[in-house]
Amino acid sequence: MSPEIVKVALKARSYDIVVGEGAIAGAGVHLSALLRRPFAAIVTDDAVNALHGERLRGALAAAGVRNETISLPPGEATKSFAMLEQLTESLLGLGVERGDLIIALGGGVIGDLTGFAAAILRRGCRFAQVPTTLLAQVDSAVGGKTAINSRHGKNLIGAFHQPSIVLADIGALDTLPARQLRAGYAEIVKYGALGDAPFFAWLETNGAAILRGDRSLRRTAVVRSCTAKARIVESDERDDGVRALLNLGHTFGHALETLCGFSDRLLHGEAVAAGMGLAFDFSAAEGLCSPDDAARLKAHLRASGLPAGLADIEGAKSYTPSALVAAMMQDKKVEQGDLTLILARRIGEAFVARAASAGKVERFLAAQPR
0 MSPEIVKVAL
10 KARSYDIVVG
20 EGAIAGAGVH
30 LSALLRRPFA
40 AIVTDDAVNA
50 LHGERLRGAL
60 AAAGVRNETI
70 SLPPGEATKS
80 FAMLEQLTES
90 LLGLGVERGD
100 LIIALGGGVI
110 GDLTGFAAAI
120 LRRGCRFAQV
130 PTTLLAQVDS
140 AVGGKTAINS
150 RHGKNLIGAF
160 HQPSIVLADI
170 GALDTLPARQ
180 LRAGYAEIVK
190 YGALGDAPFF
200 AWLETNGAAI
210 LRGDRSLRRT
220 AVVRSCTAKA
230 RIVESDERDD
240 GVRALLNLGH
250 TFGHALETLC
260 GFSDRLLHGE
270 AVAAGMGLAF
280 DFSAAEGLCS
290 PDDAARLKAH
300 LRASGLPAGL
310 ADIEGAKSYT
320 PSALVAAMMQ
330 DKKVEQGDLT
340 LILARRIGEA
350 FVARAASAGK
360 VERFLAAQPR
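Here it is, written out as structure tokens:
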């Protein structure tokens with residue numbers, strides 16, 4: 000079956016998202032067309048390299064493209080200043096030129112780190128995203144947000160830098176552990192919850208089969224998610240307005256990740272799922288959203304094996320409301336010392352709530368079951 004193409008129309012920075020089975024094996028054709036010389040640097044992590052590295056290197060070699068691989072440790076801790084320095088020095092050591100293409104092969108961590116390195120290397124190199132996780136395919140690989148973490152919070156140091164192409168290989172998802180698949184599925188649910196009620200209903204019917212491995216349904220979900228994100232990014236590339244809606248669940252979720260020390264105790268998608276549950280519950284508590292919609296969202300998250308609130312997160316009893324709010328205050332959307340939250344009027348209709356009261360949020364969190 001031919002791949003499906005989702006276009007991200009950003010004038011000179013426009014690019015294609017190629018979704019289909021075998022996208023890695025066919026990468027040589029897509030990527031060689033973007034090269035100014037027959038060379039590319041691949042950045043990956045040790046786990047992904049073992050699974051998919053040879054296939055990508057072989058595809059490039061078959062297209063006459065010489066390539067070198069830099070493999071880093073897996074995990075969220077890799078999104079750090081130390082690893083950014085190691086990566087940029089390694090790329091310079093390989094002789095990467097400003098006109099070369101750097102290929103990010105992996106999940107969101109590798110994509111974010113590589114994209115940021117490409118943004119600053121020689122004041123800007125091109126890069127390609129070859130996402131191998133569900134979360135990266137439907138979210139982090141698309142849109143040009145690149146970043147590393149700080150001890151103060153998630154993704155606080157970074158740049159906007161659009162990829163030249165995104166190659167989403169649906170077959171690569173077969174190698175993911177079930178927990179990683181569920182974490183990525185949370186970002187798919189997000190698109191339905193924030194702006195597409197019929198898609199959310201479709202997920203209620205098909206989510207279990209997506210998680211079990213139905214490639215056709217996975218492909219549909221990835222294409223629909225990427226299309227939704229592409230349209231939002233096109234209208235607000237630099238996150239000045241409507242693009243903030245894509246952060247549904249993220250303000251609460253990033254705070255939870257911070258308190259977990261960016262560890263495997265809580266994966267990013269799991270944090271987003273819990274954050275969405277909290278955002279809908281807070282919306283209901285403020286009279287903005289029906290409690291039935293909040294309950295429906297949380298029921299689907301839990302049926303999919305995802306957390307939907309503090310009670311579903313191991314160790315959350317130790318997270319005080321004040322500590323959570325303090326972590327939320329490091330969110331990139333904070334303006335003049337006030338929180339900006341993404342809240343909901345109903346499933347399929349989220350909105351940006353500016354100047355949200357930190358005191359109200361803290362009282363809400365204090366009342367949450369743990």
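In numbering that gives the first Met the number 0, the protein residues as written are 0 to 369.
Virtual Cβ for every residue (Gly too), placed ideally from N, Cα, C.
Asked, Found
"Stretch pair the stretch 235 to 250 + the stretch 319 to 336: three plus CB contacts closer than 8 Å", "yes"
"Under 9 Å between C-beta atoms of S163 and A135", "no"
"Own chain residues within Cβ distance below 6 Å of A227, not counting five before or after", "Y190"
"Burial state of F199 (16 or more Cβ within 10 Å)", "buried"
"CB contact flag (Q179, L133, <9 Å)", "yes"
"Residues near D195 by beta carbon distance below 7 Å, same chain, minus five either side", "A227, G347"
"Cα-Cα separation between L300 and A140, rounded to whole angstroms", "23 Å"
"Beta-bridge partners of A270, as assigned by DSSP", "DSSP lists no partner for A270."
"Run of the alpha helix (DSSP H) containing D111, from where it starts to where it stops", "107 to 119"
"Exposure label - T204; buried when at least 16 CB within 10 Å", "exposed"
"When S1, G314, L9, Y14 are compared against R237, the one with the closest alpha-carbon", "L9"
"As assigned by DSSP and simplified to three states, the class of A26", "helix"
"S282 to V360 span [Cα, whole Å]", "11 Å"
"Sequence-distant residues of the same chain with beta carbon closer than 6 Å to I169, five excluded per side", "E20, R214, R217, R218"
"Nearest-angstrom Cβ-Cβ length linking N66 and A39, presumed shorter than 8 Å", "5 Å"
"Straight-line Cα distance separating G107 from T68", "18 Å"
"Reference R264; option with closest CA among G314, L309, D239", "G314"
"Beta-carbon gap between A192 and A349 smaller than 9 Å", "yes"
"Simplified DSSP state of S79, which is helix, strand or coil", "coil"
"Through-space distance from S289 to H51, alpha-carbon basis", "45 Å"
"Residues that N154 bridges to, as DSSP identifies them", "Partner(s): none; N154 has no beta bridge."
"Buried/exposed call for I4, threshold 16 Cβ in 10 Å", "exposed"
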